[in-house]
Structure formats: C-alpha cells, structure tokens
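Enquirer: Numbered by mature numbering (1 follows the signal peptide of the UniProt record, and there is no 0), the letters in the sequence shown go through residues -24 to -1, 1 to 492 in order. Built from N, CA and C at the ideal position, the CB exists for glycine as well. Before I ask anything, let me first share the structure, which is written out below as structure tokens.
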Amino acid sequence: MREYWTSLASLLGVFAFCQTILQAVFPPELRFASVKLFNRIFHCFSSYCYFDITEIDGVNTNELYNAVQLYLSSSVSITGNRLSLTRAVNSSGFTFGLANNDSIVDTFNGVNVLWEHVVTQRQAQTFSWRPLPDEKRGFTLRIKKKDKSLVLNSYLDYIMEKASDIRRKNQDRLLYTNSRGGSLDSRGHPWESVPFKHPSTFDTLAMDPQKKKEIMEDLQDFANGQSFYHKTGRAWKRGYLLYGPPGTGKSSMIAAMANYLGYDIYDLELTEVHNNSELRKLLMKTSSKSIIVIEDIDCSINLTNRNNNNNGNTSVSAASRSYYDSELRGGGGGCGEEGGNTITLSGLLNFTDGLWSCCGSERIFVFTTNHIEKLDPALLRSGRMDMHIFMSYCSFPALKILLKNYLGCEECELEETILRQLEEVVDVARMTPADISEVLIKNRRKKEKAVEELLETLKMRVEMNKKSGFLMRGENVVEDEEEEEQEKRALDSESPKEESETEDNCKEEDDEEKVK
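Below you can see the structure in the form of structure tokens.
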C-alpha cells in the first residue's frame, strides 16, 4: 500500500513538471489560438450547429430567453426529470422549467432539436449602471445544419407565439374601466384595472346549447383567423350586439366570452368621455386580445333611431343631417348624468369601424342594450355589430342548465311528470334566468322543495301573463322578437343612402356658410 501512494505521488510530480514545461513553451495566447483552431476544425466536420440565447443582452432583458423558458415549460412538465417551479406575479398557475444545466429534446415539424439550460457563475463585475445577477443564464439550441433555415424562419416565431399564449393563460385576466373625467393614473394611463375573477363560462351559461355552440365556434374562428383577416384585407376585429330584456345574462355572456378566449375586458363608460378625440385615445391605449364593452348603449348617450325621430313635415335627409351633426351632450336620452359629454354618433361609428378601430389587432367590441329598436341602423350594420345575439327569456334547455348549476340535478334525476310540467309552462311564463336563479338559490339545500316552488312560481307567472294579455306561447314571443330583429337589419340597407345624403347636405350647408 505504501508503494502505491509513493508511485502516485511520483506520477503527480511528473505531471506537474510537464504542465510547467508546457506553460513555459506554449504561452496562453498560443494555447487559446490552438483551442480556437481545434473548435473550428471540429465544427467543420460536425453535422450540428449551436445557438446561444442569453438571459441579458447587454443591459436589456432578452425577450427570446423568457419566451423559450415559457415554451419549454409546457413540455418539461411532462417529460423532464428535474424541474424548477416558479409562479409569477398576477399568475394563476405554476410554471415548470428546466433545472440548471439540464437538457431536453423538442420536436418541430418532424425535426428534433436539443435545448440545454446553461448556468454559470458570473465573473467579478465592473462598474455598471444596472447591477447584474451573480449567475449567467442562457439556453443553447443544438440543431442539424440542414435544418438551420427551418428553425430560423419558423421555429423561433412559433416559440414566441406559444409563449404569448402560455403567458396569457397563466396570468390573471384584468377588468379595465376608463378613469373618471378622463384623468390619468400614476403611470399616465387612462385605464384603471382590477383582477377579473368572474366565474361564468359557456358551460354554466343558461342558454340554448345549439346557440352557445354557434357563438363559441364564431369566437374560435375569430381567434384563429389572423391569416384570414390579413388575406381578405379586413381589420382583425369583430363586433357583437347582445340585446334582450334585463336579467337574461348579457353580462354573464361577456364574462364567458372573456374566460373562453382568455382576453382582458375594457368596460368603457361613455358618460365619462368628453369628446371624440378622447374616445380615440382610449382606444389607442387598449391592448390586443381584448374585449371592449359598452353596456346599455341606449342609455349611455343619445343614439336613438333617426327614423323614429322624423316628424311628418321633416324630410329624412334633414333629420339625418341634424342627427349626425348635433353634439350629444349630458349623457342624452335621460339615462346619463349631466356633464360635458360631446360624443357624436359619427365619432362612435369611427370608433367601432373607422380607421382608428384597426390601430390594434384581435379586438372584440361588445354592445349591450335592452331596447334594440332604439338604436340607429348605422350602428347595427355588419362590420360594426357583426353578430346580433338575442338573449331571450328562460327556455326549457336553459332551465335544465340552471337546475344542474344550482341544485346538481341531472335531467334523469327528476320525475318525468315534473319535467313535462316544467317544459309546458317555462316558455309561457316569460321569466328571465336571473329570476329563476333566485328561486333556486333560496332552496338550494332542498332540491325537491326548490323544484316544487319553481314550478309553482312559473304557474303563477303564467296566470299573471294571461291577465296582462300575454296569451301567446313563449315560442311565438321569441319568433316575434327575432322577426323584429330581421326588420331592423333590413333598415341597414337604407342607412348608407341616408349617410350619403347626409354628407351631401353637410357639404351644401358648409358652402352656403362660406358664401354668407
């Protein structure tokens, strides 16, 4: 044993002597050049190429590094053996990531690439205006040289897009409202925000399932339609009009749309906007992937139908001219508060469908109203309000959803006679989902009592409707409502003529004023 340690010490001594001789014969510059030459020769014969993505680029944070970190989190959580867990501010979930100096293989369009998370200690820092972290972090991407063009042209863009989707899903959605009187917050923004926690989804929404499916498909087509809108030369936006009696779920529909798409909501209070210019500035400060909501548009400012305002002695063109040119002050219509509001119908139309409406992308405009007949046809035409959604009184399919939500009752759990009676009276009762929900909430701990009381309430409402003159079945009421909507849409074809007449008359008046 003693001889073994003696020989080992001799070998170490010889190695140290040789190292000293090499350092004396080969200076550091020569050794560095030799290593560099060796690497070049190695890379010439190697079939791989490497890309380094550092966490910090100079003094700025590298956005691509953060995107890669988020993108790999979606696959690392499934295939990785050693993971790092993080949770960002305003995030509703945990994010998985590669541990230090770990690697993972990813596949894109049939091409395998290797990602390695490289973490090293940073050398002593020199003077810097921005302190740097003690560790140098980065990702190294190894790909085959033949796949270089595919990675640079498509793969990195794909990573940025996927990272944006992951970030939006993990981050809590926000509900914005415009500041009172057009004031700015501490950061100079005209919008104030709070976390959006509304639990409404399309699964819990009391509406006919077929109708919900059509809305969801339309929303999904819009969210995935970037190339389509670009190809057709249209701004990437879409408008929805929710109309119907109060309590039919218009606000819940907006929340379900936001939760389904993962969009933020901008609740625009028109009575706090002073003029058209301020309205445009608010639009400019909204983000993409958002829903801009104007609730109770018929009560916000005076946007009543010009055709209903025409007197027998007043021509349509004159009424149109005075309506477009007049400034809408004080909230209008008797619903808003008195103030210095000077938003015009023209300004609102440009907001939804003019040049300023395309200053962002992937935006949805949602208007709600209880009285669609009060709105001007120019506001309702396609391109401004593309899809009109009638929020009706509670129907039997919607009632079954409410019973499941509040009582946990499936259709098969209820007696057939009870179901038949509910189906017979619910359409004629003309009760809103909000009214029915209140009956169920009061008795949610006693399912049988809740169903019985609901049935009695519906029958009482039917008798009240008969006394009030509503003798027709609920289905006919809905059909009449939809026929009224179709008549309203028919007016849209007339509105362009009226608008053109309005513009001509405005020009004539301007010329007359100049002559005077």
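Does DSSP put G323 in a helix, in a strand, or in coil?
Expert: If DSSP states are grouped into helix, strand and coil, G323 belongs with the helices.
Enquirer: Beta carbon of Y242, beta carbon of T224: below 8 Å?
Expert: Cβ distance not < 8 Å, so Y242 and T224 don't count as in contact.
Enquirer: Taking the Cβ atom as the reference point for each residue, do G336 and S253 lie within a distance shorter than 8 Å?
Expert: No. Outside cutoff.
Enquirer: Please name the residue, chosen from D403, A426, V401, V404, that lies closest to S413 on a Cα-to-Cα basis.
Expert: Selected option, being the one with the closest Cα: A426.
Enquirer: So, at 7 Å on beta carbons, what are the nonlocal neighbours of W332 in its own chain, with the 5 sequence-adjacent residues on each side left out?
Expert: R256, L259, N326.
Enquirer: I need the DSSP call for G(-12), collapsed to helix, strand or coil.
Expert: It is helical.
Enquirer: Excluding sequence positions up to five away, which residues of its chain have a Cβ less than 7 Å from the Cβ of A410?
Expert: Excluding residues within five positions, the ones whose Cβ falls inside 7 Å are G223.
Enquirer: Work out the CA separation of H93 and N76 for me, nearest whole Å.
Expert: Taking the straight line from one Cα to the other gives about 6 Å.
Enquirer: Where does E111 fall in DSSP's three states?
Expert: E111 falls in the strand class under three-state DSSP.
Enquirer: DSSP state of E137, grouped into three classes?
Expert: In the structure shown, E137 sits in a helix (DSSP, three-state: H, G or I).
Enquirer: Secondary structure at T344, three-state DSSP: helix, strand or coil?
Expert: Correct three-state label for T344: strand.
Enquirer: Assign C370 to buried or exposed, taking buried as 16 or more other Cβ atoms, counted over all protein chains shown, within 10 Å of its Cβ.
Expert: The residue is buried, with at least 16 neighbouring Cβ atoms inside 10 Å.
Enquirer: Between the C-alpha atoms of A232 and N85, what's the straight-line distance to the nearest angstrom?
Expert: If you take the alpha carbons of A232 and N85, they lie about 34 Å apart.
Enquirer: Report back the beta-carbon spacing between L246 and I270 to the nearest angstrom; my notes put them in contact at under 8 Å.
Expert: Going by Cβ atoms, the distance from L246 to I270 rounds to 6 Å, so yes, they are a contact pair.
Enquirer: Within a Cβ cutoff of 8 Å, which residues of the same chain sit near E455, ignoring the five residues on either side of it in sequence?
Expert: Note that E455 has pLDDT 48, beneath the 50 cutoff, so the model's placement of it is unreliable and no number is given.
Enquirer: From the DSSP output, read off the bridge partner residues of D329.
Expert: D329 is not bridged to any residue.
Enquirer: So, L150 versus D240, is the Cβ gap smaller than 8 Å?
Expert: Contact: yes.
Enquirer: Taking only the alpha-carbon atoms, compute the straight-line gap between G73 and D148 and give it to the nearest angstrom.
Expert: Straight-line Cα distance between these residues: approximately 20 Å.
Enquirer: What does a CB cutoff of less than 6 Å around T177 pick up in its chain, not counting 5 residues either side in sequence?
Expert: Answer for T177: A232, N235, listed in chain order.
Enquirer: If you reduce the DSSP assignment to three classes, tell me which class S276 lands in.
Expert: Three-state DSSP puts S276 in a helix.
Enquirer: Looking only at C-alpha atoms, which of K443, L117, D184 sits nearest to I29?
Expert: For I29, the nearest C-alpha among the options comes from L117.
Enquirer: Would you mind reading off the limits of the alpha helix (DSSP H) that contains R396?
Expert: Note, R396: alpha helix (DSSP H), 392 to 405.
Enquirer: Does the segment 173 to 190 come close enough to the segment 208 to 221 that 3 or more CB-CB pairs lie under 8 Å?
Expert: At 8 Å Cβ cutoff, the stretches do not touch.
Enquirer: Go ahead and label V402 buried or exposed: buried means 16 or more other beta carbons lie within 10 angstroms of its beta carbon, across all protein chains shown.
Expert: Counting Cβ neighbours within 10 Å, V402 comes out buried, since at least 16 surround it.
Enquirer: To which residues of the same chain is V170 closer than 6 Å at the C-beta, ignoring the five residues directly before and after it?
Expert: If we look at V170 and ignore the five residues flanking it on each side, its Cβ neighbours are L151.
Enquirer: T116 by DSSP, collapsed to three states: which one?
Expert: Note: T116 maps to strand in three-state DSSP.
Enquirer: For the alpha helix (DSSP H) containing Q186, name the first residue and the last one.
Expert: Q186 -> alpha helix (DSSP H) spans 185 to 199.
Enquirer: How should M448 be labelled, buried or exposed, when 16 other C-beta atoms within 10 angstroms of its C-beta is the threshold for buried?
Expert: Confidence at M448 is low in this model, with a pLDDT of 47, below 50, so the placement of that residue should be treated as unreliable; the coordinate-derived value is given next. The residue in question, M448, is exposed, as its Cβ has fewer than 16 Cβ neighbours within 10 Å.
Enquirer: So what does DSSP say about K213, is it helix, strand or coil?
Expert: Of the three classes helix, strand and coil, the one that applies to K213 here is strand, per DSSP.
Enquirer: Short check: CB of residue 502 to CB of N251, under 8 Å?
Expert: Lying outside -24 to 492, the shown extent of the chain, residue 502 is not represented and no answer is given.
Enquirer: Which stretch, first to last residue, makes up the alpha helix (DSSP H) that contains N154?
Expert: Per DSSP, N154 belongs to no alpha helix (DSSP H); it is in the beta strand (DSSP E), 150 to 154.
Enquirer: Mind checking whether S23 and K121 have CB atoms under 8 Å apart?
Expert: Taking 8 Å as the Cβ cut-off, S23 and K121 qualify as a contacting pair.
Enquirer: What is the residue span of the beta strand (DSSP E) that P171 lies within?
Expert: From DSSP, the beta strand (DSSP E) with P171 extends over 167 to 171.
Enquirer: Short of 7 Å in beta carbon distance, which residues of its chain neighbour H347, apart from the five on each side in sequence? Order them along the chain.
Expert: Correct list, in chain order: D274.
Enquirer: Taking only the alpha-carbon atoms, compute the straight-line gap between W212 and R406 and give it to the nearest angstrom.
Expert: Cα to Cα, W212 sits roughly 38 Å from R406.
Enquirer: Quick check on G(-12): buried or exposed, where buried means 16 or more other Cβ atoms within 10 Å of its Cβ?
Expert: Label assigned to G(-12): exposed.
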